[in-house]
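What follows is a short report on a single structure.
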Amino acid sequence: MSEESSTIVTMIIASFFLAALMSFFIIAMVFIHRQRQVQNRQKLDQVRIEHEKTLLNIENEIQQETLTHIGRELHDNIGQLLSLAKLYLGSIRPHKQEEGMETLNMVIQEVRGLSKELNLDWVEAISINDFIVKQLERISSTGFCTTNFTAEVELTDLPKDQKLVLIRGIQESLNNAIKHAFPDKIEIEIRQSSNGNQIIIQDNGEGFDSPVKFEGSGMTNLKKRMDTIGGNFSLSSTVGLGTQIILTLPK
Amino acid sequence: MGSRFIQAFGNWYLISIDLILVIGIVYFLKLPNDKRANIHYWLPFLILIFPVFYENLGAYTNFNFEFKKSVNALLGNTEHPRYNVWVYNIFNQQIVTLLILFLVKSYLPIRSKRIVSWLMFFFIVMSFFIVAFELEPIYGSQPLIFSIAAGAILTSCGLYFMSFITEDGYLESNPLRLASFWQVSFILFYHSAIFLKTISQKYLWAELYDFGRSLQFINTSLWIVLMITMLLTLAAPSLKLNFENEPSHV
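Shown next, in the form of structure tokens:
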């Protein structure tokens, strides 16, 4: 083989070797990148499934709460009204029968109101501010404690998932206050802050040693749920002074 | 004069890069103003211009011996007036290295950008001291400066590929449609090959002449491929090549 052709053969072999090496590098990079994309997609799917599961749980809990409320209303309110209507309508006095008819109308109104709560369509229709007002009215109407609500901003047009988490969070916080803290006063405030809108739920009840009792309570669950919507949850409590819960909405 | 001119300027490599630059200028002028002001277009354009400029200057020094001799004398080299390696040292080893580092740096996330800035600073300071103290004169071979330059470029390419496989910004991208991916890949290939060639040059020319020539040919070809990659970046909008936008951190 001549010197020139030997050089050409070496050139071709070396070029092929280098080209193969470069191709391998590019294929390896693309492969690693694709793997990462697949892993990321799987992670996102998992987060989405987790999020959907959390929302489903919240919906179930809200429905459970609603059913409990309806049961209580049927027993304490509608049952009483119907008994009263029965008494009035059983009377021979015309004005008593008239009162009986009025009572029946009240029962119809109450049943209509309750039937609306049976599905979760009300969640979409109601604003967080209105929901808080209703919840506080319900508590104060029982005479359990006084309530106060102030709002710097109207929380309307929130996405449904955020609304569900907030509604459940407010319900849970109020239930805890009533069940465990026995406060004289519950206050809720909606305010704007640099971190985003905040809902502050405060009571002047018994309070607790927050680092000790926080773990294992429903509050851990609430914190996780606030995380799933990109919000934040904080709790501070002092024995004898009460508890403050801050739900910060995502910006 | 004609044959000397053809001898100096008429080789396939010089003609190829001259042609690439002419096409590059046409496509660069066809770019809209906003793209022309974008670092990802004007830096590849500069990387096209400088090698063509210094390669032609090198060829001119071979054509015009008096000019070469006077510049050599100006640089303090009266002993070897035929040397023209200073053209390569100044323009390739210094300016083109810095341009390439700037280009790779422009594709990196902030923390990696800082590392490349330090590498550039280190390279400039070291080059200055090495030349100022005449450890490696500007008119002679500069293996130390070459090693620092190649090391800095290879490190910055490594940082690019690190961020490519770790940064979330690249998750939505298709690497085969990213101009930066091809540019940095060929920068990496070229500088790896030239690094290998340079460190083994003396041995190869003496012992494995064929292989040495092959490596030289491969390096020259890779440089042309790198120039074509830069040219395609400039030509992409006109040729309707669907390159993807660089990730948001860039």
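One line per chain: the protein sequences are F and S, in this order.
For the first sequence, the working numbering begins at 8 and goes up steadily by one.
For the second sequence, the working numbering begins at 21 and goes up steadily by one.
All C-beta atoms in this analysis are idealised placements derived from N, C-alpha and C, irrespective of residue type, glycine included.
This structure is a prediction, so every number in the text was calculated from the model and none was measured.
Are any of the Cβ atoms in chain S nearer than 8 Å to that of residue i?
i, result
"Ser134/F", "no"
"Arg43/F", "yes"
"Ile34/F", "no"
"Ser30/F", "no"
"His40/F", "yes"
"Leu25/F", "yes"
"Asn202/F", "no"
"Thr14/F", "yes"
"Met113/F", "no"
With a threshold of 16 other CB atoms inside 10 Å of the CB of residue i, please say whether the residue is buried or exposed.
i, result
"Ser90/S", "exposed"
"Trp243/S", "buried"
"Phe31/F", "exposed"
"Met233/F", "buried"
"Leu51/S", "buried"
"Ser147/S", "buried"
"Met226/F", "buried"
"Leu139/S", "buried"
"Val136/S", "buried"
"His102/F", "exposed"
"Pro166/F", "exposed"
"Arg48/F", "exposed"
"Tyr103/S", "buried"
"Gln46/F", "exposed"
"Lys88/S", "buried"
"His175/F", "According to the sequence as given, residue 175/F is Arg; it is not His. Looking at its Cβ environment, which holds 16 or more other Cβ atoms inside 10 Å, Arg175/F is buried."
"Gln142/F", "buried"
"Phe314/S", "Residue 314/S falls outside the range modelled here, since chain S spans only 21 to 270, and no answer is possible."
Relative to the C-alpha of residue i, which candidate in the options has its C-alpha closest?
i, options, result
"His40/F", "Phe141/S, Asn262/S, Phe184/S and Leu128/S", "Phe184/S"
"Leu198/S", "Leu261/S, Arg233/S, Arg56/S and Pro52/S", "Leu261/S"
"Leu162/F", "Thr61/F, Gly203/F, His102/F and Gln178/F", "Gly203/F"
"Asn239/S", "Leu259/S, Glu266/S and Leu208/S", "Leu208/S"
"Leu174/S", "Leu228/S, Met247/S, Lys125/S and Pro157/S", "Lys125/S"
"Ile19/F", "Phe231/S, Tyr33/S and Thr249/S", "Phe231/S"
"Ser176/S", "Ser205/S, Ile158/S and Leu41/S", "Ser205/S"
"Asn126/F", "Glu72/F, Asp52/F, Ser12/F and Ile99/F", "Glu72/F"
"Gly214/F", "Asn183/F, Ser241/F and Lys230/F", "Asn183/F"
"Glu1/F", "Lys170/F, Phe23/F, Ser200/F and Gly86/F", "Lying outside 8 to 258, the shown extent of chain F, residue 1/F is not represented and no answer is given."
"Lys186/F", "Lys167/F, Asp164/F and Cys152/F", "Cys152/F"
"Glu68/F", "Ala158/F, Gly237/F and Glu179/F", "Glu179/F"
"Asn53/S", "Asn265/S, Pro257/S, Gly30/S and Thr249/S", "Pro257/S"
"Ile253/F", "Phe240/F, Ser244/F, Val246/F and Thr245/F", "Phe240/F"
"Thr235/F", "Leu51/F, Leu25/F and Ala21/F", "Leu51/F"
With 8 Å set as the bound, which would you pick, yes or no: does the beta-carbon of residue i sit closer than that to a beta-carbon of chain F?
i, result
"Leu235/S", "yes"
"Asp38/S", "no"
"Phe231/S", "yes"
"Pro163/S", "no"
"Tyr190/S", "yes"
"Ile238/S", "yes"
"Pro195/S", "yes"
"Ala213/S", "yes"
"Ile185/S", "yes"
"Ser200/S", "no"
"Phe181/S", "yes"
"Ser205/S", "yes"
"Phe263/S", "no"
Less than 8 Å between the CB atoms is what I'm expecting for residue i and residue j, so what's the real figure, rounded?
i, j, result
"Lys55/S", "Tyr61/S", "5 Å"
"Ile206/F", "Leu173/F", "7 Å"
"Leu121/F", "Ile65/F", "Between Ile65/F and Leu121/F the Cβ distance is about 21 Å, and since that is not below 8 Å, they are no contact."
"Ile144/S", "Glu156/S", "Actually they do not touch by this definition, with Cβ atoms about 15 Å apart."
"Pro64/S", "Thr186/S", "Actually they are not in contact, since the Cβ atoms of Pro64/S and Thr186/S sit about 25 Å apart, beyond 8 Å."
"Tyr159/S", "Trp106/S", "5 Å"
"Ile279/F", "Asp210/F", "It is not possible to answer for residue 279/F, since the shown part of chain F is limited to 8 through 258."
"Phe156/F", "Ile195/F", "5 Å"
"Lys222/S", "Leu235/S", "Not quite, the Cβ-Cβ distance comes to about 13 Å (not below 8 Å), so this is no contact."
What residue range is occupied by the uninterrupted beta strand (DSSP E) comprising residue i?
i, result
"Thr149/F", "Unbroken run through Thr149/F: none, as it is neither H nor E."
"Gln205/F", "Gly203 to Asp210"
"Thr255/F", "Gly249 to Thr255"
"Glu266/S", "Element bounds for Glu266/S: n/a, residue is neither H nor E."
"Ile271/S", "Coverage of chain S is limited to positions 21 through 270, which leaves residue 271/S absent and any answer about it impossible."
"Ile195/F", "Lys192 to Ser200"
Taking the alpha helix (DSSP H) that residue i belongs to, which residues open and close that run?
i, result
"Phe184/S", "Pro163 to Thr186"
"Ser244/F", "Element bounds for Ser244/F: not the alpha helix (DSSP H) but the beta strand (DSSP E), Asn239 to Thr245."
"Gly120/F", "Pro101 to Leu125"
"Glu156/S", "Neither: Glu156/S is in no alpha helix (DSSP H) and is coded neither H nor E."
"Ser212/S", "Ala199 to Glu227"
"Gly44/S", "Trp32 to Lys50"
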